[in-house]
Ligand code: F6P
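Residue numbers (the numbering used here): 45 to 408.
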């Protein structure tokens, strides 16, 4: 019997448990594989924290948010914090050999890595060092290359849409400009979809840099036409034509240290000053990653997890499970590492949104 490991890496996301469940149940029921869970993503490989997973471990977790295995968006075998030097600086080392030793000692034949681009870059690194891996694409950002959709995205869109709907009542009652900031890093998928779903008046995404004057003009034009409020859906990665991203913090020991955030607060002050309108900003933050996955994500996670287990049983490694043309298929892991899928400027939802009167803060 083959033994495979499964880990969840990067930020948590609705549907992780549904994938773990599908992997374990399919592996045991259909393919006669044994599954071990690795705790806290790559950290569990570095620290040798793994445990066998059986049917009862994955019972009743389909609807649960988060991950029963824990996760980390900092741990990276290529650059792992091993201490602090005399000057107080963090000391990093490549601990790939230690990871491989732990995998050998636990007799894992292969690893299923559930995560976003950081996790896939880590998996591609392990593959290059001889450890067979299979990737499963997770992220609320929906920014992984070669898959039409990642699981978790649809739930986050639903959560953000509900928040925007609620903001609507205050915007209308108080005649205010309300900015709602959403996650997504350098991709505007989440903001575009939630903004369109909730009927936001302005949608600002990283792919279309905005002009402050255009944003203000749209708000003022709405007031002139009797709409004394404006809802602005703004991506954390939105930036002005002549400016840069707003950074919330830098997490030094993370492979992707920059955390974006705060652009809505900057814009809130700028619009209030420039247009003389009353503005408020709301940053949705981690609420977008929480909660039970919607039905679509439970189904997608189940399909992805089952396919990953099937590939492991068939000995087909070093692939990422993806959805293309509405079908589950695979692409080589090496093709997704270190890449991001952003919203194309000719995305049909951009054209449709413009047609119903949405401003993207640009000149067109
Ligand atoms: O990649 C998922 C994500 O939620 C991004 O949308 C966001 O920029 C980032 O993670 C936040 O990371 P952290 O949980 O470290 O604050």
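Note that CB positions come from ideal geometry on N, CA and C, so glycine has one too.
Next item on the list: Report the residue from 284, 258, 147, 340 whose alpha carbon sits nearest the alpha carbon of residue 408.
Entry: In the chain shown, residue 408 corresponds to position 364, counting from 1. Nearest of 284, 258, 147, 340 to residue 408, Cα basis: 258.
Check: If you compare alpha carbons, which of 327, 211, 235, 217 is closest to residue 199?
Finding: Within the chain shown, the letter at position 155 stands for residue 199. Closest option to residue 199, Cα to Cα, is 235.
Item checked: Cβ-based neighbour list, residue 255, same chain, cut-off 8 Å, excluding 5 preceding and 5 following -> Residue mapping note: residue 255 aligns to position 211 of the chain shown, counting from 1. Taken in chain order, the residues that qualify are 284, 285, 405, 406, 407.
Notebook entry, point to check: Whole-angstrom Cβ separation of residue 31 and residue 361, contact assumed at under 8 Å?
Noted result: An answer regarding residue 31 cannot be provided, because it is not within the stretch 45 to 408 covered by the chain.
Margin query: Is residue 386 near the ligand F6P - that is, is its Cβ less than 7 Å away from at least one heavy atom of it?
Written below: Residue mapping note: residue 386 aligns to position 342 of the chain shown, counting from 1. False, no ligand heavy atom lies under 7 Å from that Cβ.
Note to self: Going by DSSP in three states, residue 403 sits in which element: helix, strand or coil?
What the structure shows: The residue you call residue 403 lines up with position 359 of the chain shown. Residue 403 falls in the strand class under three-state DSSP.
Check: Is it the case that the CB of residue 227 approaches a heavy atom of the ligand F6P more closely than 7 Å?
Finding: Reading the chain shown from its first residue, position 183 is the one you call residue 227. True, at least one ligand heavy atom lies under 7 Å from that Cβ.
Checklist line | Own chain partners of residue 382 with C-beta closer than 6 Å, once the 5 adjacent residues on each side are dropped | finding: Taking the chain shown and counting its residues from 1, one reaches residue 382 at position 338. Closer than 6 Å at the Cβ level, and outside the excluded window around residue 382, lie 165.
Check: With respect to 7 Å, is the separation between the Cβ of residue 309 and the closest non-hydrogen atom of the ligand F6P below this value?
Finding: Numbered from 1 along the chain shown, position 265 holds the residue referred to as residue 309. No, Cβ of residue 309 sits at least 7 Å from all heavy atoms of the ligand F6P.
Next item on the list: Can you tell me which of the three DSSP states residue 309 falls into?
Entry: In the chain shown, counting from the first residue as 1, residue 309 sits at position 265. Three-state DSSP puts residue 309 in a helix.
Next item on the list: Put residue 326 into one of helix, strand or coil per three-state DSSP.
Entry: Residue mapping note: residue 326 aligns to position 282 of the chain shown, counting from 1. Strand.
Item checked: Integer-rounded CB distance, given that residue 49 should sit under 8 Å from residue 116 -> If you number the chain shown from 1, residue 116 lands on position 72. If you number the chain shown from 1, residue 49 lands on position 5. With 8 Å as the limit, residue 116 and residue 49 do not qualify as a contact, their Cβ atoms being about 15 Å apart.
Notebook entry, point to check: Using a Cβ-Cβ cut-off of 8 Å (strictly less than) and excluding sequence neighbours within five positions of residue 135, which residues of its own chain qualify?
Noted result: Position 91 of the chain shown, counting from 1, holds the residue named residue 135. Closer than 8 Å at Cβ, skipping near neighbours: 125, 126, 127, 128, 129.
Notebook entry, point to check: Using the rule of at least 16 other Cβ atoms within 10 Å of the residue's Cβ for burial, across every protein chain shown, is residue 182 buried or exposed?
Noted result: Taking the first residue of the chain shown as position 1, residue 182 is located at position 138. Residue 182 comes out buried.
Notebook entry, point to check: Among 95, 87, 106, 82, which has the Cα closest to the Cα of residue 345?
Noted result: If you number the chain shown from 1, residue 345 lands on position 301. Comparing Cα-Cα distances from residue 345 to each of 95, 87, 106, 82, the minimum goes to 106.
Note to self: Measuring only the C-alpha atoms, how far is residue 167 from residue 74?
What the structure shows: One-based indexing of the chain shown puts residue 167 at position 123. One-based indexing of the chain shown puts residue 74 at position 30. For residue 167 and residue 74, the distance between alpha carbons rounds to 25 Å.
Notebook entry, point to check: Can you give the Cα-Cα distance for residue 55 and residue 269, rounded to whole angstroms?
Noted result: Position 11 of the chain shown, counting from 1, holds the residue named residue 55. Position 225 of the chain shown, counting from 1, holds the residue named residue 269. Rounded to whole angstroms, residue 55 to residue 269 spans 43 Å at the Cα level.
Next item on the list: Would you mind reading off the limits of the alpha helix (DSSP H) that contains residue 162?
Entry: By one-based count along the chain shown, residue 162 stands at place 118. Counting along the chain, the alpha helix (DSSP H) containing residue 162 begins and ends at 161-172.
Next item on the list: Quick one: residues in its chain with C-beta nearer than 8 Å to the C-beta of residue 71, no 5 flanking neighbours on either side, listed in chain order?
Entry: Walking along the chain shown from the start, residue 71 turns up at place 27. The answer, listed in chain order, is 48, 77, 78, 79, 353, 356, 357.
Check: With a CB to CB cut of under 6 Å and the five nearest residues on each side skipped, what residues in its chain are close to residue 271?
Finding: Numbered from its first residue, the chain shown carries residue 271 at position 227. Closer than 6 Å at Cβ, skipping near neighbours: no residue.
Notebook entry, point to check: Between residue 64 and residue 112, is the Cβ-Cβ spacing less than 8 Å?
Noted result: The residue given as residue 64 occupies position 20 in the chain shown. The residue given as residue 112 occupies position 68 in the chain shown. Yes, Cβ-Cβ distance for residue 64 and residue 112 is below 8 Å.
Check: From which residue to which residue does the beta strand (DSSP E) around residue 177 run?
Finding: Residue numbering aside, residue 177 sits at position 133 when the chain shown is read from its first letter. Counting along the chain, the beta strand (DSSP E) containing residue 177 begins and ends at 177-181.
Margin query: For the stretch 88-105 against the stretch 136-146, do three or more pairs of beta-carbon atoms, one drawn from each stretch, fall closer than 8 Å, so that the two count as touching?
Written below: yes
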